[in-house]
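Working notes, beginning with the structure itself.
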Amino acid sequence: MKRIMPFIRLLARRDSILVVVIAAMIGVTVIYPLSIMVYGTFKSAPPGEPSPLSFDNYGRMFSADWFWVELGHTVWISIGGTLLGVFLGVSLAWIVTRTDTPWVGKLEIPLIVPFFLSPFIGALAWTGLASRDYGLINGWFDSLLGVRPFEVFGPWGIIWVMGIYYSPYAFLIVSGTLRNMDPTLEEAALSSGATKPQTMLRITLPLMAPGILASALLIFVAAAEQFGIPSVLGMNQRWFVLTTRIFYLLQEYPQDYSMGATVAMVMLFFTGGMVYLRNRIMKRREFVTVGGKSFRPHVIPLGKWRYFTLSYLLAYILLVVILPFGTFIAISFFKFWSIHPKMKYLTLENWEYILFEYPNTWIAVKNSLFLSVVGAAVAVLISAIIAWVVVRTKAFGKDTLDTIATLPVAVPGLILGVAYMWAWIRSPIPIYGTIWILMIAYVSRFIPYSLRSIESTLRQIDKTLEESANISGASWLQTFRSVSLPLLKPGLVAGFILLFVTFMRELSCSILLYSSGSEVMSVTMFDLWHDGMFPHLAAIGTMQLFMTAACLMIFSWAFKIRITEVVR
Amino acid sequence: MPDVRIEKLIKRFGNVTAIADVDIHIPDGEIVTLLGPSGCGKTTTLRCLAGFENADEGQIWIGDQLIFDSKQNINLSPQKRDMGMVFQSYAVWPHMSVFENIAFPLRIRKAPRKEIDEKVIRAMKMVGIEELKDRLPSEISGGQQQRVAFARAIVYEPAVLLLDEPLSNLDAKLREQMRFEILELQRKIGITTVYVTHDQEEAMVLSDEVLVMDFGKVIQRGDPEAIYFDPSNEFVADFIGKINFLPGTVKQVEEGASVVGIEEGGFRSEIHSTRTNYPQGQKVLASVRPENIHIHTSKPDQESNTWPAKLIRKNFLGGMFDMVVGVEGKELRARTPFKVEAKSGSEVFIHIPPKDVLLIHIN
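First to last, the sequence lines map onto chains P and D. Reading the first sequence from the start, the letters are residues 552 to 1119 in the working numbering. Reading the second sequence from the start, the letters are residues 96 to 458 in the working numbering.
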């Protein structure tokens, strides 16, 4: 008894109770469903029905040709998307931070817009530009040269769309590295006799390496777990990757839940391994390159070439934002879309149908808004509490808590959907098919992102600020509310906005978990796509774009934060 | 080793003039300090010298080579200036070992492998870090990084060495030690050196010549003793060491002696000085360093420059007494290493030897 007492006293501390409660919550929302899914891979019957356990599913999967082909596809598009995304991101970052390209200041906002755009809509929009049958660009080539050189459906289109819509990650990470790099590191090389290109190659580039590597691994995982892009650009052509295969196994008759879970396991190992690798490499290669006093970083005068770099930036904005999204919005006003869209097909009928007749529109709008605003707020609140416990307290088991809470980073949204299906489709708790299961999935899947940003903000706030509140009599709750929370505000707001945008466009979790009444906008678009109602889905997508933009403006005004600060 | 000449240098940032028409000459093999408060233009001057900032006007010469001239559009890039620089942040490259950091300038110069090894080892020995050869910068202390930066700056035997507040990130004890080491090294190599600092003690210890800067101008130049004992104006006197100012007017000038009439608060008196650098009628500050105010418990023999005073405060700093004495309402700072018997609050006499009364003109 005597030996147990200190342990009980430790547990009885409020922060320790908090650890237990949060850990239990994550246990129920992440670990339990994943375990049920793992269990399911050994079954031959659907969830909730008894069946003998065996390795049959694995045997069937590993001996199937489609599995190896589609695993290859997944690796192929992930590598392709990563190479393109990193190349675009790094080149943009370098141009923006290190050259005297004109208008760079003015282009700052347009360059981060792609970060907020939905890659799923991006894929849909690009079909309107580069589909061989009805792509606008093919139309231009057709009338000029009589050829239609592009086809967005298939692997190259998938790689293209992934590369351009994931390039902002590389752009933001690498330009951050470049901005924070102590300029004297480069000056030291210059004054020891190195030329600018030599300095670039031997000092700047190696110092950028951790940032480049970090963004490459990030994009690689994101590309591998992407569902929206390969579903639009591959599934109808029966060009599958693992995510679309899982979806197909679970949705097409006859559904094979066990095989779905088994392929999901492979995905889980794949992304888990990559995330583990990323953490290992990042831990080893993190350089502190932030110096004391800083002069502005060295800008390379490009001479005439600066007009080339300017055109590069403008071309990027044109191809990633203006052309596809302009086309997408335009499509919503056409009865038919073709390589030569005709004025006589201009119509408001799609909008009439979507706004007044289609039954799911307003349900989806309501659900999307609710999930994004409330879900993001809940996730940020929980993240803030976890971050505070982890960074500031000596609570029992806080490091374990940190690890568990970060775990979902390695769980693709679609896989979490599969796990939730397995865990709750036949559960006595009537949660499956409601909007709450989406809420839980969103929050637990994306807590790691807000957690990381809030933790790093919190670490930068000097502990003595809180200690002086303590010493003047404030309880831990009062301290959190009156000192920590206000100081954390920028981090919290940034986390909230990022999650809001992510939830607004979420597709891969929702597509498996929605049912009648809990549709969200992306799901509605997905349905309309498969019913061949492109102009109608373009109307809903346009609504989604403008709703997101309007909300961003409202948040930015209400919380007094610039959108460019959000992504820093 | 060549000398360095900066002529009529002007640098503006927007409408702020960072350097206002500065002339500096650093003789061959000497170490010259640019000293001044932050924002005085000293670092900008150094960066113009290094080539990281382009001055708007002026010329810079190394020996008989013109490396910068605004009029002829001559502007040698930093890597061609043959200078070594130690940065305040050390700027030791985090992705290279200590050895690689120091070898970098030689590799750039395509030195043969054997020569690189030899020179790097020699430089490491010189700064006392040969045992750190294979460490990464993250694995060594700030003081050691500082030594790496130093070795890297001298390993290729540049013509000029630039030091930008290299000691300001070190703790006090190490800082004091490094001053002597830097001086010793500089003497050993005999390299022409420009040293930027805001720390007057550092400047005193290290320099052949000190240039005190303020608002982008060189206010006074001279060897450390001249700067301390003969400050040319109020700013320098006040910035270097501690000083008491007694504003007044020169009443009488004769062979080897001036008499200044002081009028401040209740303190109306005459003070004698051996300086005769100002004519009768000139408004001046009679300036006295705290260590030159002598405290006596009984009336001293000297008649002139002696006043009854009150010992307002006495603090023992360890090795010296720091005091405030009041003379007719005027408070003066006094210092002495000798034991002061008088207690705080007691009546004393102060005496200031006329040779220690400096005269500085009031603008």
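We put the CB at the ideal spot given by N, CA and C, even for glycine.
Next item on the list: Just the C-alpha distance for D:Thr369 and D:Ile455, rounded to the nearest angstrom, thanks.
Entry: Counted from its first residue, the second sequence places residue 369 of chain D at position 274. Counted from its first residue, the second sequence places residue 455 of chain D at position 360. Whole-angstrom Cα-Cα distance: 13 Å.
Next item on the list: Would you mind giving the Cβ-Cβ distance between D:Val215 and D:Phe194, rounded to the nearest angstrom? I have them listed as a contact below 8 Å.
Entry: For the purposes of this step, residue 215 of chain D is taken as residue 120 along the second sequence, with counting starting at 1. For the purposes of this step, residue 194 of chain D is taken as residue 99 along the second sequence, with counting starting at 1. 6 Å between Cβ atoms; contact.
Check: CB D:Val313 to CB D:Val117, shorter than 7 Å?
Finding: The sequence position of residue 313 of chain D within the second sequence is 218, counting from 1. The sequence position of residue 117 of chain D within the second sequence is 22, counting from 1. Yes.
Check: Given P:Ser1117, which residues of its chain have a CB within under 6 Å of its CB, disregarding the five upstream and five downstream residues?
Finding: On the first sequence, residue 1117 of chain P is found 566 positions in, with the first residue counted as 1. Residue 1117 of chain P is actually Val in this sequence, not Ser. So the qualifying residues of the chain are Ala1045 and Ile1048.
Notebook entry, point to check: Could you check where the alpha helix (DSSP H) with P:Val1117 kicks off and where it finishes?
Noted result: Here residue 1117 of chain P is taken as the residue at index 566 of the first sequence, counted from 1. Ile1114 to Val1117 is the extent of the alpha helix (DSSP H) around P:Val1117.
Notebook entry, point to check: Would you say the segment 282-298 of chain D touches the segment 115-135 of chain D, given that touching needs at least three Cβ pairs under 8 Å?
Noted result: Enough Cβ pairs lie closer than 8 Å, so yes.
Notebook entry, point to check: How about D:Ala186: is its C-beta nearer than 7 Å to some C-beta of chain P?
Noted result: As a first step, residue 186 of chain D must be located in the second sequence, where it is residue number 91. By this cut-off, D:Ala186 is an interface position.
Next item on the list: Mark P:Val839 as exposed unless 16 or more other C-beta atoms lie within 10 angstroms of its C-beta, in which case mark it buried.
Entry: As a working note, residue 839 of chain P is residue 288 in the first sequence. Residue confidence is low: P:Val839 scores 46 on pLDDT, short of 50, so the model does not pin down where it sits. Its coordinate-derived value is still stated next. By the neighbour-count criterion, in which 16 or more other beta carbons inside 10 Å mark a residue as buried, P:Val839 falls on the exposed side.
Notebook entry, point to check: Along chain D, which residues have their Cβ under 7 Å away from the Cβ of P:Thr735?
Noted result: The residue you call residue 735 of chain P lines up with position 184 of the first sequence. Here the neighbours are Phe182, Ser184 and Ala186.
Item checked: For D:Val99 and P:Val841, the rounded distance between their alpha carbons -> Within the first sequence, residue 841 of chain P is the residue found at index 290, counting from 1. Within the second sequence, residue 99 of chain D is the residue found at index 4, counting from 1. Confidence at P:Val841 is low in this model, with a pLDDT of 40, below 50, so its placement is unreliable and no value can be given for it.
Next item on the list: Between the Cα of P:Gly578 and those of P:Leu1050, P:Val1074, P:Met816 and P:Ile991, spot the shortest distance and give me the residue it belongs to.
Entry: As a first step, residue 578 of chain P is located in the first sequence; it is residue number 27 there, counting from the start. The residue with the shortest Cα to Cα distance from P:Gly578 is P:Ile991.
Note to self: For chain P, check one thing: does any of its Cβ atoms lie closer than 7 Å to the Cβ of D:Ile203?
What the structure shows: Locating residue 203 of chain D in the second sequence gives position 108, counting from the first residue. D:Ile203 counts as touching chain P.
Checklist line | Spatial distance of D:Thr371 from D:Asn328 (CA atoms) | finding: For the purposes of this step, residue 371 of chain D is identified with residue 276 of the second sequence, where counting begins at 1. For the purposes of this step, residue 328 of chain D is identified with residue 233 of the second sequence, where counting begins at 1. A direct Cα-to-Cα measurement between D:Thr371 and D:Asn328 gives close to 15 Å.
Checklist line | Alpha-carbon to alpha-carbon, D:Leu280 and P:Ala739 | finding: One-based indexing of the first sequence puts residue 739 of chain P at position 188. One-based indexing of the second sequence puts residue 280 of chain D at position 185. Counting only the Cα atoms, D:Leu280 lies some 20 Å from P:Ala739.
Item checked: Among P:Ile851, P:Ala775, P:Phe859 and P:Pro875, the one whose alpha carbon lies nearest that of P:Gly824 -> Taking the first residue of the first sequence as 1, we reach residue 824 of chain P at position 273. The option with the nearest alpha carbon to P:Gly824 is P:Ala775.
Notebook entry, point to check: By Cβ distance below 7 Å, which residues in the same chain neighbour D:Val123 in space, the five residues on each side in sequence not counted?
Noted result: Working through the second sequence from its first residue, we reach residue 123 of chain D at position 28. Note that residue 123 of chain D is Asp in the sequence shown here, rather than Val. Within the same chain, and ignoring the five residues on either side of D:Asp123 in sequence, the residues whose Cβ sits closer than 7 Å to its Cβ are Met96, Pro97, Asp98 and Thr287.
Item checked: Local conformation of P:Ser1026 per DSSP, three classes -> Counting from 1 along the first sequence, the entry for residue 1026 of chain P is found at position 475. P:Ser1026: coil per DSSP, three-state reduction.
Check: Between P:Arg1056 and P:Ser1067, is the Cβ-Cβ spacing less than 7 Å?
Finding: Residue numbering aside, residue 1056 of chain P sits at position 505 when the first sequence is read from its first letter. Residue numbering aside, residue 1067 of chain P sits at position 516 when the first sequence is read from its first letter. The answer is no: Cβ separation not under 7 Å.
Note to self: Check whether chain D comes within 7 Å of P:Leu741, counting only Cβ atoms and requiring the distance to be less than that.
What the structure shows: The residue labelled residue 741 of chain P in the question sits at position 190 within the first sequence. Cβ-Cβ to chain D under 7 Å: yes for P:Leu741.
Next item on the list: Taking P:Val969 as the reference, give the member of P:Ser567, P:Val570 and P:Thr580 with the closest Cα.
Entry: The sequence position of residue 969 of chain P within the first sequence is 418, counting from 1. Here the closest residue by C-alpha is P:Thr580.
Margin query: Please report the distance separating the alpha-carbon of P:Gly500 from that of P:Trp691.
Written below: Here chain P has residues from 552 to 1119 only, and residue 500 of chain P is not among them.
Check: If you run the structure through DSSP and keep just helix, strand and coil, what is P:Pro1041?
Finding: In the first sequence, residue 1041 of chain P corresponds to position 490, counting from 1. In the displayed model, P:Pro1041 falls within a helix according to three-state DSSP.
Next item on the list: With D:Val300 as the anchor, note down where its alpha helix (DSSP H) starts and where it stops.
Entry: In the second sequence, the residue the question calls residue 300 of chain D occupies position 205. Here the alpha helix (DSSP H) through D:Val300 covers Gln295 to Leu301.
Checklist line | Proximity below 7 Å, CB of D:Gln174 to CB of D:Ser263 | finding: Indexing the second sequence from 1 puts residue 174 of chain D at position 79. Indexing the second sequence from 1 puts residue 263 of chain D at position 168. With contacts defined by Cβ atoms closer than 7 Å, D:Gln174 and D:Ser263 do not form a contacting pair.
Check: DSSP state of D:Phe163, grouped into three classes?
Finding: By one-based count along the second sequence, residue 163 of chain D stands at place 68. Here D:Phe163 sits in strand by DSSP.
Notebook entry, point to check: Within 10 angstroms of its Cβ, does P:Asn918 collect 16 or more other Cβ (buried), or is it exposed?
Noted result: Taking the first residue of the first sequence as 1, we reach residue 918 of chain P at position 367. P:Asn918 should be labelled buried.
Note to self: Residues of chain D with CB closer than 8 Å to the CB of P:Pro748, please, in chain order.
What the structure shows: Indexing the first sequence from 1 puts residue 748 of chain P at position 197. Using a Cβ-Cβ cut-off of 8 Å, P:Pro748 is close to nothing in chain D; its nearest Cβ partner there is about 11 Å away.
Check: Is the number of C-beta pairs between the segment 394-411 of chain D and the segment 438-449 of chain D that are closer than 8 Å three or more?
Finding: Judged by Cβ distances under 8 Å, the segment 394-411 of chain D makes contact with the segment 438-449 of chain D, as three or more pairs qualify.
Next item on the list: Check whether the Cβ of P:Gly744 lies closer than 7 Å to any Cβ atom in chain D.
Entry: Here residue 744 of chain P corresponds to residue number 193 of the first sequence, with the count starting at 1. Yes, because at least one Cβ of chain D sits closer than 7 Å to the Cβ of P:Gly744.
Check: Quick one: what does DSSP say P:Lys844 is sitting in, helix, strand or coil?
Finding: Residue 844 of chain P sits at position 293 when you count from the first residue of the first sequence. Confidence at P:Lys844 is low in this model, with a pLDDT of 40, below 50, so the placement of that residue is unreliable and no value is reported for it.
Note to self: Quick check on D:Glu252: buried or exposed, where buried means 16 or more other Cβ atoms within 10 Å of its Cβ?
What the structure shows: For the purposes of this step, residue 252 of chain D is taken as the residue at position 157 of the second sequence. Exposed, by the Cβ-count rule.
Note to self: So P:His1169 and P:Pro706 are supposed to be a Cβ contact under 8 Å. How far apart are they, rounded?
What the structure shows: The structure shown does not extend to residue 1169 of chain P, since chain P spans only 552 to 1119, so no value can be given for it.
Item checked: Boundaries of the alpha helix (DSSP H) in which P:Phe921 is found, first to last residue -> The residue you call residue 921 of chain P lines up with position 370 of the first sequence. Note, P:Phe921: alpha helix (DSSP H), Asn911 to Arg943.
Checklist line | Beta carbon of P:Ile905 nearer than 7 Å to that of P:Ala676 | finding: As a first step, residue 905 of chain P is located in the first sequence; it is residue number 354 there, counting from the start. As a first step, residue 676 of chain P is located in the first sequence; it is residue number 125 there, counting from the start. Taking 7 Å as the Cβ cut-off, P:Ile905 and P:Ala676 do not qualify as a contacting pair.
Check: According to DSSP, what are the bridge partners of D:Thr55?
Finding: Past the boundaries of the shown model lies residue 55 of chain D; chain D is included only from 96 to 458, so the question cannot be answered.
Margin query: Let me make sure I understand the geometry here. Which of P:Arg1032, P:Leu668 and P:Pro963 has the alpha-carbon closest to that of P:Ile868?
Written below: Residue numbering aside, residue 868 of chain P sits at position 317 when the first sequence is read from its first letter. The candidate whose alpha carbon is nearest that of P:Ile868 is P:Leu668.
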